[in-house]
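**Student:** Using the working numbering, the first residue of the sequence shown is number 10, and each one after it goes up by one. Quick reminder that beta carbons are idealized off the backbone N, C-alpha and C, glycines included.
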Amino acid sequence: MYRQRILNICLIVLLLVSVSQAETDFFRKLKSDYGVLSEDLMNHACEKATISDFVYEKDVATFTFEEGDLYLLRYVNERPTTAIFIGKGSARIEIPSHMERQSLMAVSGDSLVDQVFKTCFIRIGDDFDLKVKERFTTDTTEMKWKQFNIGAKKPQGEIFFRPIIHHTYDNYFQLLRSIYERRSDGFFWIDFNRYVYMFDPNRPEEVEVAYEYQGGDIVATDGALFQRQERNVYQDALMSDINYSTTILDRQAEIEMSGLDGKFLEGAQTTIQVLVNADSMKFVTLFLHHNLKTDSIYYDGQPVDFHRRKDFAVIGVVLPQYRSRGDTLSFTLWYHGKQFDHAMPYVANPQVSPHTFTFVTPKDFNYFMPGIGSAEEVNGRRQRFEVTPQNPYREYLYQCYASGLDTMTVASESGLPLNFLVWELMDKKYSDCFIPQETYEETTLEAFNYMSSQFGPPVGAFSVYVSPAGTYSMPGVMCIPQIACVTEGSMHALGGFHAVAGRQVARQWFGSLMRPATDREMWLTEAAPEYAGVLFLQSALGAVGYSHLLHRRDSVYRVDDLKRDRPLAVGSRAKKEIRSNKGLWVLHMLRLLMYDVSTHTDQVFLKFMHELALITSMKSYTNDEIVKLAEKHYGEPLDWFFKHWLYETGFPDYRVEYKITSQDEGYYVEGDVVTRDVDASFKMPVVMRVVAGDKGSVFLRETIDGLHDTFKLGPFSVEPTELVFNEFYSVLCKQKVKKK
Numbered sequence: 010m011y012r013q014r015i016l017n018i019c020l021i022v023l024l025l026v027s028v029s030q031a032e033t034d035f036f037r038k039l040k041s042d043y044g045v046l047s048e049d050l051m052n053h054a055c056e057k058a059t060i061s062d063f064v065y066e067k068d069v070a071t072f073t074f075e076e077g078d079l080y081l082l083r084y085v086n087e088r089p090t091t092a093i094f095i096g097k098g099s100a101r102i103e104i105p106s107h108m109e110r111q112s113l114m115a116v117s118g119d120s121l122v123d124q125v126f127k128t129c130f131i132r133i134g135d136d137f138d139l140k141v142k143e144r145f146t147t148d149t150t151e152m153k154w155k156q157f158n159i160g161a162k163k164p165q166g167e168i169f170f171r172p173i174i175h176h177t178y179d180n181y182f183q184l185l186r187s188i189y190e191r192r193s194d195g196f197f198w199i200d201f202n203r204y205v206y207m208f209d210p211n212r213p214e215e216v217e218v219a220y221e222y223q224g225g226d227i228v229a230t231d232g233a234l235f236q237r238q239e240r241n242v243y244q245d246a247l248m249s250d251i252n253y254s255t256t257i258l259d260r261q262a263e264i265e266m267s268g269l270d271g272k273f274l275e276g277a278q279t280t281i282q283v284l285v286n287a288d289s290m291k292f293v294t295l296f297l298h299h300n301l302k303t304d305s306i307y308y309d310g311q312p313v314d315f316h317r318r319k320d321f322a323v324i325g326v327v328l329p330q331y332r333s334r335g336d337t338l339s340f341t342l343w344y345h346g347k348q349f350d351h352a353m354p355y356v357a358n359p360q361v362s363p364h365t366f367t368f369v370t371p372k373d374f375n376y377f378m379p380g381i382g383s384a385e386e387v388n389g390r391r392q393r394f395e396v397t398p399q400n401p402y403r404e405y406l407y408q409c410y411a412s413g414l415d416t417m418t419v420a421s422e423s424g425l426p427l428n429f430l431v432w433e434l435m436d437k438k439y440s441d442c443f444i445p446q447e448t449y450e451e452t453t454l455e456a457f458n459y460m461s462s463q464f465g466p467p468v469g470a471f472s473v474y475v476s477p478a479g480t481y482s483m484p485g486v487m488c489i490p491q492i493a494c495v496t497e498g499s500m501h502a503l504g505g506f507h508a509v510a511g512r513q514v515a516r517q518w519f520g521s522l523m524r525p526a527t528d529r530e531m532w533l534t535e536a537a538p539e540y541a542g543v544l545f546l547q548s549a550l551g552a553v554g555y556s557h558l559l560h561r562r563d564s565v566y567r568v569d570d571l572k573r574d575r576p577l578a579v580g581s582r583a584k585k586e587i588r589s590n591k592g593l594w595v596l597h598m599l600r601l602l603m604y605d606v607s608t609h610t611d612q613v614f615l616k617f618m619h620e621l622a623l624i625t626s627m628k629s630y631t632n633d634e635i636v637k638l639a640e641k642h643y644g645e646p647l648d649w650f651f652k653h654w655l656y657e658t659g660f661p662d663y664r665v666e667y668k669i670t671s672q673d674e675g676y677y678v679e680g681d682v683v684t685r686d687v688d689a690s691f692k693m694p695v696v697m698r699v700v701a702g703d704k705g706s707v708f709l710r711e712t713i714d715g716l717h718d719t720f721k722l723g724p725f726s727v728e729p730t731e732l733v734f735n736e737f738y739s740v741l742c743k744q745k746v747k748k749k
């Protein structure tokens with residue numbers, strides 16, 4: 010009976026695949042045109058024009074072709090899609106966004122593109138060719154081997170444009186969809202010297218300036234990214250105002266699991282409801298983890314054409330007719346693969362949506378996820394259960410474990426039960442890095458109690474399962490590895506298992522329920538749980554927390570030394586070390602800004618973190634809203650703070666000289682500070698501690714403003730013996746302090 014059921018399923022899938030492969034004439038043409046875009050250019054038929062003093066403007070970029078030969082190649086719909094220029098030309102691109110100028114500066118060493126070039130590669134989906142032909146005569150000819158190999162093949166243009174898995178989008182498909190609608194504001198891509206400039210009307214942020222960071226790179230590094238001129242969204246605080254073309258409204262999935270470990274996604278049938286936000290749309294961009302293979306896609310109950318390269322996450326769906334703003338599209342996707350824990354399709358817009366599931370899984374495995382219902386047996390060897398999460402998610406993750414689990418339930422101080430999952434076979438014999446069960450439970454409970462006392466009960470959890478394996482935490486499921494080599498050596502000095510437990514427990518407050526409005530807010534999803542973990546570490550182990558903090562600082566130094574620092578608000582274009590560690594330090598510096606140096610309390614900052622946990626889990630948030638929340642608790646504007654730490658790069662290098670003087674009123678500490686590696690507008694309050702021998706210390710806060718500043722602390726009735734500059738590491742900086 011069971012084998013017959015499997016056979017029937019296979020026949021149905023084969024039927025669906027065969028039906029879905031009944032391609033339309035349009036899609037057959039698209040596939041043929043797709044092949045044209047990669048044709049070898051050597052000895053390729055083309056049109057040639059000798060041009061001079063030709064100026065072409067594309068959004069914020071101006072390209073001047075002073076003199077030379079322009080070859081037009083690779084024709085689709087009787088129009089060229091590729092151009093090669095050999096001669097003398099120049100490019101000037103002024104980045105209108107302060108933050109993106111900083112980002113480009115970090116990548117290329119210059120915030121302005123002002124280049125003279127001899128050769129450039131161009132991909133055309135707009136009216137560039139028509140503008141050329143309006144002024145110049147073209148002759149039909151052939152691009153000779155010598156011209157291509159010597160004159161044109163040196164640039165990386167062909168390499169940088171070709172679709173590879175490092176690209177979020179398939180450049181060929183993006184070019185084609187623009188070619189079929191050929192407008193003046195269509196796709197335009199140009200490679201010159203070490204720069205790449207792209208205008209793609211079908212991406213959330215249409216303009217990109219990239220740079221060949223190192224010679225021989227196969228991918229140009231995205232330097233600047235922003236929206237088209239017509240929108241005029243260039244202020245740092247407004248950069249998250251992005252008009253996404255689609256929004257997912259709902260996800261419903263039927264998922265069947267199998268495999269020796271229960272982690273193979275045998276088959277999934279997922280239906281998503283997609284809202285159209287664009288004025289009109291024929292091509293829809295979906296994404297699915299690259300390890301999941303797409304079998305078929307239906308649109309409104311009928312098979313629909315789609316394009317997806319192997320190992321790409323992006324899927325280009327071709328609708329049978331145009332749809333308009335406000336329309337809701339229904340897609341059903343069938344797929345399978347090994348990436349079971351990232352099982353749901355998504356779009357560029359990270360907004361949350363409701364999720365519902367039906368799972369059929371091997372009977373001998375345990376699955377943990379929010380909203381899971383009771384299981385019913387299927388054919389004696391499998392089980393079926395429904396999952397209806399209470400909260401909407403941008404990404405829903407789940408964990409699978411083998412059988413043989415025991416559960417140890419411990420009540421937290423808030424009354425919420427922690428259910429520890431215990432494997433009998435997991436012990437010291439299993440691994441030398443095994444954390445003893447007693448230590449594991451006590452530390453996890455300690456971390457959970459601390460977080461609950463500071464931030465209130467976690468959102469969306471009525472009981473919590475604690476798994477000793479797995480990676481991803483969800484509401485009600487904490488994945489805290491019990492095999493962790495952190496109890497000896499340097500890792501022990503940085504907090505050991507307390508550090509591991511702290512940041513994993515913190516994801517019950519700062520985790521998968523967070524709702525960043527765009528990729529530009531993603532840094533907070535990494536930084537907030539990391540810093541909440543540091544707060545716990547300092548509460549539990551005191552000074553060890555500062556050792557951990559300095560370890561994170563040093564990782565930021567290393568990235569900066571490699572010239573890879575980026576503004577936090579560029580999102581995933583910044584390296585993970587920047588997003589998590591520099592982001593963590595931004596929260597630490599906010600804490601010290603709000604710290605009461607007279608009463609030595611963190612209450613203002615902890616209230617900020619409490620509200621931050623609630624707001625980011627209950628509604629979509631932007632960077633500007635986070636700034637306003639911080640200002641609400643700080644009580645004053647913080648634009649000067651976030652201008653640098655969120656929207657710029659680098660950190661100050663303070664050179665401090667101080668002396669202790671005696672005057673009629675008492676003793677003073679007078680200091681002179683030279684600040685390097687930041688611009689002249691940089692300022693930062695610094696916490697200082699004046700040591701007065703056995704009479705104790707006095708804590709003060711002084712703002713160091715500009716590239717050269719002085720300060721005078723006092724008067725003190727007892728002669729100070731020492732000044733501790735940057736107490737509590739209140740500023741992410743380098744410093745040299747000298748007493749005169």
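(1) Using only the alpha-carbon positions, how far apart do F296 and D49 sit?
(2) CB-CB under 7 Å to D209, same chain, minus the five flanking residues each way: which ones, in chain order?
(3) With three or more beta-carbon pairs closer than 8 Å as the criterion, would you say the stretch 237-252 touches the stretch 317-334?
(4) So L577 and G592 are in contact, right, with Cβ under 8 Å, and what is the actual spacing, rounded?
(5) Hey, how far is the Cα of F443 from the Cα of Q491?
(6) Go to T452, then tell me how far its beta strand (DSSP E) extends in each direction, as first and last residue.
(7) Round the Cβ separation of N358 and T255 to the nearest angstrom and send it over; I've been treating them as touching at under 8 Å.
(8) Between P729, A639, Y253, which lies nearest to G675 when the distance is taken from Cα to Cα?
(9) If you draw a straight line from the alpha carbon of E109 to that of G232, how long is it in whole angstroms?
(10) Measuring only the C-alpha atoms, how far is L623 from F137?
(11) With distances taken from CA atoms, which of H176, E143, G504, G271 is nearest H299?
(12) To the nearest angstrom, how far is it from the Cα of V369 to the Cα of I489?
(13) Mind checking whether L301 and H364 have CB atoms under 8 Å apart?
(14) Look up V750 in the DSSP assignment and say whether it is helix, strand or coil.
(15) Output the distance between the C-alpha atoms of E731 and R524, rounded to the nearest integer angstrom.
(16) According to the Cβ coordinates, are A526 and Y630 closer than 8 Å?
(17) Going along the chain, which residues of its own chain have a beta-carbon closer than 7 Å to the beta-carbon of T480, five neighbours each way excluded?
(18) In whole angstroms, what is the alpha-carbon distance linking L79 and I131?
(19) By how many angstroms is the C-alpha of P724 removed from the C-alpha of L406?
(20) Below 8 Å, can you find three or more Cβ-Cβ pairs linking the stretch 581-598 to the stretch 737-747?
(21) By how many angstroms is the C-alpha of D633 removed from the C-alpha of S187?
(22) P371 and G271: beta carbons closer than 8 Å?
(23) Can you tell me whether I227 is helix, strand or coil according to DSSP?
(24) Looking at S97: is its Cβ nearer than 8 Å to the Cβ of E76?
(25) Have a look at Q282 and R685 and give me their C-alpha separation to the nearest angstrom.
(26) Give the straight-line distance between the Cα atoms of N375 and G465, rounded to the nearest whole angstrom.
(27) So, helix, strand or coil for P312, using DSSP?
(28) What is the DSSP secondary structure of K272, reduced to helix, strand or coil?
(29) What is the DSSP secondary structure of V733, reduced to helix, strand or coil?
(30) On the DSSP bridge assignment, give the partners of V356 in chain order.
(31) Identify, in the order they occur along the chain, each residue of the same chain with its Cβ nearer than 7 Å to the Cβ of Y331, setting aside the five sequence neighbours on each side.
(32) Assign Q30 to one of two classes, buried (16 or more other C-beta atoms within 10 Å of its C-beta) or exposed (fewer than that).
(33) Terminal residues of the continuous alpha helix (DSSP H) containing L716?
(34) Of all the beta strand (DSSP E) runs that stay within the bounds of the stretch 313-355, which reach a length of 3 or more residues?
(35) Does S671 come out as helix, strand or coil in the three-state DSSP assignment?
(36) Report yes if the CB atom of G680 is closer than 8 Å to the CB atom of F720, and no otherwise.
**Tutor:** Considering the structure as presented:
(1) In the sequence shown, counting from the first residue as 1, residue 296 sits at position 287. In the sequence shown, counting from the first residue as 1, residue 49 sits at position 40. Near 30 Å, if we compare the C-alpha coordinates of D49 and F296.
(2) In the sequence shown, counting from the first residue as 1, residue 209 sits at position 200. In the same chain as D209, and ignoring 5 residues on each side of it, the C-beta atoms closer than 7 Å to its own belong to Q183, F196, E215, in chain order.
(3) No contact exists between the stretch 237-252 and the stretch 317-334.
(4) Mapped onto the sequence shown, residue 577 falls at position 568. Mapped onto the sequence shown, residue 592 falls at position 583. Contact holds; Cβ gap of about 6 Å.
(5) Position 434 of the sequence shown, counted from the first residue, corresponds to residue 443. Position 482 of the sequence shown, counted from the first residue, corresponds to residue 491. Each residue's alpha carbon lies about 6 Å from the other.
(6) Locating residue 452 in the sequence shown gives position 443, where the first residue counts as 1. Unbroken run through T452 is the alpha helix (DSSP H), 446-464; no beta strand (DSSP E).
(7) To locate residue 358, count along the sequence shown from 1; it is residue 349. To locate residue 255, count along the sequence shown from 1; it is residue 246. About 6 Å separates the two Cβ atoms, so the contact holds.
(8) Taking the sequence shown and counting its residues from 1, one reaches residue 675 at position 666. The closest CA to that of G675, considering only P729, A639, Y253, is found on P729.
(9) Taking the first residue of the sequence shown as 1, we reach residue 109 at position 100. Taking the first residue of the sequence shown as 1, we reach residue 232 at position 223. Their backbone Cα atoms lie some 7 Å apart in a straight line.
(10) By 1-based counting over the sequence shown, the position of residue 623 is 614. By 1-based counting over the sequence shown, the position of residue 137 is 128. If you take the alpha carbons of L623 and F137, they lie about 50 Å apart.
(11) Reading the sequence shown from its first residue, position 290 is the one you call residue 299. With distances taken between CA atoms, H299 lies nearest to H176 out of H176, E143, G504, G271.
(12) In the sequence shown, counting from the first residue as 1, residue 369 sits at position 360. In the sequence shown, counting from the first residue as 1, residue 489 sits at position 480. The alpha-carbon atoms of V369 and I489 are separated by roughly 26 Å.
(13) Within the sequence shown, residue 301 is the residue found at index 292, counting from 1. Within the sequence shown, residue 364 is the residue found at index 355, counting from 1. Going by C-beta atoms, L301 is not nearer than 8 Å to H364.
(14) Given a span of 10 to 749 for the chain in the structure shown, any question on residue 750 remains unanswerable.
(15) Residue mapping note: residue 731 aligns to position 722 of the sequence shown, counting from 1. Residue mapping note: residue 524 aligns to position 515 of the sequence shown, counting from 1. Between E731 and R524, the C-alpha separation is close to 47 Å.
(16) Position 517 of the sequence shown, counted from the start, is the residue given in the question as residue 526. Position 621 of the sequence shown, counted from the start, is the residue given in the question as residue 630. Yes, the pair counts as a contact, with Cβ atoms nearer than the cut-off.
(17) Mapped onto the sequence shown, residue 480 falls at position 471. Closer than 7 Å at the Cβ level, and outside the excluded window around T480, lie C488.
(18) For the purposes of this step, residue 79 is identified with residue 70 of the sequence shown, where counting begins at 1. For the purposes of this step, residue 131 is identified with residue 122 of the sequence shown, where counting begins at 1. Answer to the nearest angstrom: the Cα atoms are 10 Å apart.
(19) Within the sequence shown, the letter at position 397 stands for residue 406. Within the sequence shown, the letter at position 715 stands for residue 724. In a straight line, the C-alpha of L406 is about 59 Å away from that of P724.
(20) In short, these stretches touch, since the Cβ pair count reaches three.
(21) On the sequence shown, position 178 is the one that residue 187 refers to. On the sequence shown, position 624 is the one that residue 633 refers to. So the two alpha carbons sit approximately 33 Å from each other.
(22) Here residue 371 refers to the residue found at position 362 when the sequence shown is read from its first residue. Here residue 271 refers to the residue found at position 262 when the sequence shown is read from its first residue. With a cutoff of 8 Å on beta-carbon distance, P371 and G271 are scored as near each other.
(23) In the sequence shown, counting from the first residue as 1, residue 227 sits at position 218. Correct three-state label for I227: coil.
(24) Counting from one through the sequence shown, the residue named residue 97 turns up at place 88. Counting from one through the sequence shown, the residue named residue 76 turns up at place 67. Here residue 97 turns out to be Lys, not Ser, going by the sequence shown. At the C-beta level, K97 and E76 come within 8 Å of one another.
(25) Counting from 1 along the sequence shown, the entry for residue 282 is found at position 273. Counting from 1 along the sequence shown, the entry for residue 685 is found at position 676. Cα atoms of Q282 and R685: separation of roughly 53 Å, rounded to the nearest angstrom.
(26) Taking the sequence shown and counting its residues from 1, the one referred to as residue 375 is at position 366. Taking the sequence shown and counting its residues from 1, the one referred to as residue 465 is at position 456. About 30 Å.
(27) Here residue 312 refers to the residue found at position 303 of the sequence shown. Three-state DSSP puts P312 in a strand.
(28) As a first step, residue 272 must be located in the sequence shown, where it is residue number 263. Coil.
(29) Along the sequence shown, read from residue 1 onward, the residue named residue 733 stands at position 724. If DSSP states are grouped into helix, strand and coil, V733 belongs with the strands.
(30) Residue numbering aside, residue 356 sits at position 347 when the sequence shown is read from its first letter. Answer by DSSP bridge pairing: none, since V356 is not bridged.
(31) In the sequence shown, the residue the question calls residue 331 occupies position 322. Only S289, M290, K291 meet the Cβ criterion.
(32) Here residue 30 corresponds to residue number 21 of the sequence shown, with the count starting at 1. Residue placement at Q30 cannot be trusted, given a pLDDT of 49 that sits under 50; what the coordinates show is reported in the next sentence. By the 10 Å Cβ count, Q30 comes out exposed.
(33) Position 707 of the sequence shown, counted from the first residue, corresponds to residue 716. Element bounds for L716: n/a, residue is neither H nor E.
(34) Runs of the beta strand (DSSP E) inside the stretch 313-355: 314-316, 323-333, 337-346.
(35) On the sequence shown, position 662 is the one that residue 671 refers to. Three-state DSSP puts S671 in a strand.
(36) Translated into the one-based positions of the sequence shown, residue 680 becomes position 671. Translated into the one-based positions of the sequence shown, residue 720 becomes position 711. By the CB criterion at 8 Å, G680 and F720 fall inside the cutoff.
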